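Participant: Numbering (the numbering used here), first residue to last: 823 to 1419.
1. Within a Cβ cutoff of 7 Å, which residues of the same chain sit near residue 1389, ignoring the five residues on either side of it in sequence?
2. Taking the straight line between their C-alpha atoms, what separation do you get for residue 1316 and residue 1346?
3. What is the rounded straight-line gap between the Cα of residue 990 and the Cα of residue 934?
4. For residue 1056, does the three-state DSSP call read helix, strand or coil?
5. Taking DSSP as the reference, what is the three-state secondary structure of residue 1262?
6. Hey, could you find the ends of the beta strand (DSSP E) residue 1402 is sitting in?
7. Cβ-heavy atom distance between residue 1018 and the ligand SAH below 7 Å?
8. Three-state secondary structure (DSSP) at residue 889?
9. Taking the beta strand (DSSP E) that residue 1026 falls in, what are its first and last residues?
10. Do you know offhand how far residue 1344's Cα is from residue 1302's?
11. Considering only residues of the same chain and omitting the five flanking positions on each side of residue 937, which have a CB-CB separation below 6 Å?
12. Taking DSSP as the reference, what is the three-state secondary structure of residue 1223?
13. Is the Cβ-Cβ distance between residue 1503 and residue 1295 less than 8 Å?
14. Once DSSP output is grouped into helix, strand and coil, what is the label at residue 907?
15. Cβ of residue 1016 within 8 Å of Cβ of residue 1041?
16. If you draw a straight line from the C-alpha of residue 970 to the C-alpha of residue 1035, how long is it?
17. If you draw a straight line from the alpha carbon of residue 1063 to that of residue 1093, how long is it in whole angstroms?
18. Alpha carbon to alpha carbon, how far is residue 1352 from residue 1326? Give it in angstroms, no decimals.
19. Which same chain residues, not among the five before or five after residue 1242, have their C-beta less than 7 Å away from its C-beta?
20. Roughly how many angstroms separate the alpha carbons of residue 838 and residue 1265, rounded to a whole number?
21. Taking 8 Å as the cut-off, decide whether the C-beta atoms of residue 1032 and residue 878 are in contact.
22. Measure the alpha-carbon distance for residue 985 versus residue 1010 and round it to whole angstroms.
23. Buried or exposed: residue 831, going by 16 or more other Cβ atoms within 10 Å of its Cβ?
24. Residue 880: buried (16+ other C-beta within 10 angstroms of its C-beta) or exposed?
25. Which value, in whole angstroms, describes the spacing of the CA atoms of residue 768 and residue 1274?
26. Give the secondary structure of residue 921 by DSSP, where H, G and I count as helix, E and B as strand, and everything else as coil.
27. Taking the DSSP output, what are the residues bridged to residue 974?
28. So, under 8 Å CB-CB, residue 1400 and residue 1310 are touching, yes? Tell me the CB distance rounded to an integer number of Å.
29. Go to residue 1082, then tell me how far its beta strand (DSSP E) extends in each direction, as first and last residue.
30. Between which two residues does the alpha helix (DSSP H) carrying residue 1014 extend?
31. Consult DSSP for residue 1367 and reduce its assignment to one of helix, strand or coil.
32. Report yes if the CB atom of residue 1269 is closer than 8 Å to the CB atom of residue 1291, and no otherwise.
33. Looking only at DSSP bridge pairs, what is residue 1135 linked to?
34. Which runs of the alpha helix (DSSP H) fall wholly inside the stretch 1259-1323 and span at least 4 residues, in chain order?
35. Would you please state the rounded distance, in angstroms, between the beta carbons of residue 1071 and residue 1080? I believe it to be under 8 Å.
36. Would you mind giving the Cβ-Cβ distance between residue 1235 and residue 1227, rounded to the nearest angstrom? I have them listed as a contact below 8 Å.
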């Protein structure tokens, strides 16, 4: 089985892993938020430019619609095609009324009807505007194709206009040729374009320009164009500015997007500062990075604290236990920790004291080793029951179990839980127990073995329900199962099989068999074990050269002490094929009193 790394190495690896994870999470979070910021920048600028374009498009579509209505109305057609002065005068009133009805809901729009000679016709409130524009701009529109014009500055009222020009064709008489008989000019104040920009919610230092077909500024949200903005427009005119580019304007990076206005040759250019778009997300970015870094530091300090309070003391205990066995009888472990590790060190020292005392006792009393061995085991069990606080052992196993949960290791949790149940069974309870209790402890032990050997062995327990209430001495089956695994199955190459079953029920007797297909027992050792098992009282345990023999003799003696010499163990084994241990116990046994606390 592959050697497991030390706790010290695992804690260092865990600490490095946690710090690396926090660093990777910080980098990933930074990349994610940065990508989110970049996406938001382009979407925000594109939406802002698109809103300006939509506002201007709505305004220009109204002008196109009004020009079409005015050009094709009967009053306009009659006025432009009539030659009689009185008729024209009457028709001019109709044209004025028609224009008034068209524009009465749109106070910002003015409609002019131009004759072929360039004379404009409009409602009286606009005559002063017409007089100012007629000499400078309107004659140049004669013969122009349908479309929007550049700026028209009215010197009379100081207001600038832009216009939509539409030729008026004779649609009554000359349908095929459609001779031009005049023109319709729809005027709109430049303030309406300014409102189209102002309606868009933008950041404080955003720049928006509406450019004509010559890329000259028609309107912008700036009172005057500074040098940086002028350079920006120059780059646009020279074709060196790409759509979506980022340029520095007045010392701040701006994202530049431009979009054409439908139905016109105009271009809307938007430049929005990136720092104003990202102000909310930038704070989120630094907050997230700060939290992740603090978590990394917290885990780092936490790991160092655990390393100093757990790993280093455990390493000292491990180094002490790996030392010379004889020296440990004279040396003791000194740790300053006041936690569970310190308690563990105290218990190790206490057990070493007891071991030293028992060793001297064994050396002084070797005349009857078997009886002394039984006495030592009983004294050891009694010492564990009376001197070692069981709660410490349970709490220690519970700590190991909790550590297994922390590492998300089901194996550690299972081993700690099973070992705790075995220890409770060993320390507490009656001397005589039900067969079902013994089977339960064996199952717990086998769960540990399955993890230890990575499910290398197959186990089968086949005990009928009818015999599970049979009474027997406590802790009989588990040592036999342990012997079968470590002396039978483990030395064998490859997989193995262990079976526990009821192999016979003679009158008044129940027989439980433990069979394995392991390495078996050499004939000479098997002969010695048979000789010792067959005797009513073993003479010497040193004649049996295997710990397996010691366990068998111990269990056989316990069964005979409880139930009589007609009960006990029998053994069959073939080298290379396996071993069968048969346990004979009475079907009914007297219930002994519970041990005193």
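Positions of the beta carbon are idealized from the N, C-alpha and C atoms, including for glycine.
If you're wondering where the values come from, they're calculated on a predicted model, not measured in any experiment.
Facilitator: Quick look at the numbers:
1. On the chain shown, position 567 is the one that residue 1389 refers to. Within the same chain, residue 1389 has close Cβ partners 1381, 1382, 1406, 1407, 1408.
2. Here residue 1316 is taken as the residue at index 494 of the chain shown, counted from 1. Here residue 1346 is taken as the residue at index 524 of the chain shown, counted from 1. Rounded to the nearest angstrom, the two C-alpha atoms are 26 Å apart.
3. What you label residue 990 is simply residue 168 of the chain shown in a count that begins at 1. What you label residue 934 is simply residue 112 of the chain shown in a count that begins at 1. Spanning the two alpha carbons is a distance of roughly 12 Å.
4. Counted from its first residue, the chain shown places residue 1056 at position 234. In the three-state reduction of the DSSP assignment, residue 1056 falls in the helix class.
5. On the chain shown, residue 1262 is found 440 positions in, with the first residue counted as 1. Three-state result, residue 1262: helix.
6. Residue numbering aside, residue 1402 sits at position 580 when the chain shown is read from its first letter. Counting along the chain, the beta strand (DSSP E) containing residue 1402 begins and ends at 1400-1408.
7. Absence of the ligand SAH from the depicted structure is noted, as is the absence of any ligand whatsoever, leaving it without description.
8. Within the chain shown, the letter at position 67 stands for residue 889. The answer is helix: DSSP assigns residue 889 an H, G or I state.
9. The sequence position of residue 1026 within the chain shown is 204, counting from 1. No beta strand (DSSP E) contains residue 1026, which DSSP labels as neither H nor E.
10. The residue you call residue 1344 lines up with position 522 of the chain shown. The residue you call residue 1302 lines up with position 480 of the chain shown. Taking the straight line from one Cα to the other gives about 18 Å.
11. Looking up residue 937 in the chain shown gives position 115. Contacts found: 1004.
12. Your numbering for residue 1223 matches position 401 in the chain shown. Helix, per DSSP.
13. Because the chain spans 823 through 1419 in this model, residue 1503 falls outside it and cannot be assessed.
14. If you number the chain shown from 1, residue 907 lands on position 85. If DSSP states are grouped into helix, strand and coil, residue 907 belongs with the helices.
15. On the chain shown, residue 1016 is found 194 positions in, with the first residue counted as 1. On the chain shown, residue 1041 is found 219 positions in, with the first residue counted as 1. The answer is yes: Cβ separation under 8 Å.
16. Taking the first residue of the chain shown as position 1, residue 970 is located at position 148. Taking the first residue of the chain shown as position 1, residue 1035 is located at position 213. Roughly 10 Å separates the two Cα atoms.
17. Looking up residue 1063 in the chain shown gives position 241. Looking up residue 1093 in the chain shown gives position 271. Looking at the two C-alpha atoms, the distance is approximately 12 Å.
18. Here residue 1326 refers to the residue found at position 504 of the chain shown. Here residue 1352 refers to the residue found at position 530 of the chain shown. C-alpha of residue 1326 to C-alpha of residue 1352: approximately 21 Å in a straight line.
19. Taking the chain shown and counting its residues from 1, one reaches residue 1242 at position 420. For residue 1242, where only same-chain residues beyond five positions count, the Cβ hits under 7 Å are 1216, 1219.
20. Numbered from 1 along the chain shown, position 16 holds the residue referred to as residue 838. Numbered from 1 along the chain shown, position 443 holds the residue referred to as residue 1265. Distance between the alpha carbons of residue 838 and residue 1265 is about 38 Å.
21. Along the chain shown, one-based indexing puts residue 1032 at 210. Along the chain shown, one-based indexing puts residue 878 at 56. Yes, they are a contact pair.
22. Along the chain shown, read from residue 1 onward, the residue named residue 985 stands at position 163. Along the chain shown, read from residue 1 onward, the residue named residue 1010 stands at position 188. In a straight line, the C-alpha of residue 985 is about 6 Å away from that of residue 1010.
23. Sequence index remark: in the chain shown, residue 831 carries index 9 (1-based). That one is exposed.
24. Sequence index remark: in the chain shown, residue 880 carries index 58 (1-based). Label assigned to residue 880: exposed.
25. For the chain, the structure presents residues 823 to 1419; residue 768 sits outside this window and is missing.
26. Your numbering for residue 921 matches position 99 in the chain shown. The answer is helix: DSSP assigns residue 921 an H, G or I state.
27. Counted from its first residue, the chain shown places residue 974 at position 152. DSSP lists 983 as partners of residue 974.
28. Taking the first residue of the chain shown as position 1, residue 1400 is located at position 578. Taking the first residue of the chain shown as position 1, residue 1310 is located at position 488. Right, the Cβ-Cβ distance comes to about 7 Å (below 8 Å), so this counts as a contact.
29. Residue 1082 sits at position 260 when you count from the first residue of the chain shown. Here the beta strand (DSSP E) through residue 1082 covers 1074-1082.
30. Stepping through the chain shown from its first residue, residue 1014 is reached at position 192. From DSSP, the alpha helix (DSSP H) with residue 1014 extends over 1012-1020.
31. To locate residue 1367, count along the chain shown from 1; it is residue 545. For residue 1367, the predicted model reports a pLDDT of 45, less than 50, meaning its position is unreliable; a value from the coordinates is still stated below. Coil at residue 1367, not helix or strand.
32. As a first step, residue 1269 must be located in the chain shown, where it is residue number 447. As a first step, residue 1291 must be located in the chain shown, where it is residue number 469. For residue 1269 and residue 1291, no; Cβs fall outside 8 Å.
33. One-based indexing of the chain shown puts residue 1135 at position 313. The partner list for residue 1135 (beta bridge, DSSP) is empty, contrary to what the question assumes.
34. 1299-1305
35. Sequence index remark: in the chain shown, residue 1071 carries index 249 (1-based). Sequence index remark: in the chain shown, residue 1080 carries index 258 (1-based). Actually they do not touch by this definition, with Cβ atoms about 14 Å apart.
36. Here residue 1235 refers to the residue found at position 413 of the chain shown. Here residue 1227 refers to the residue found at position 405 of the chain shown. Residue 1235 to residue 1227, Cβ: 6 Å. Contact.
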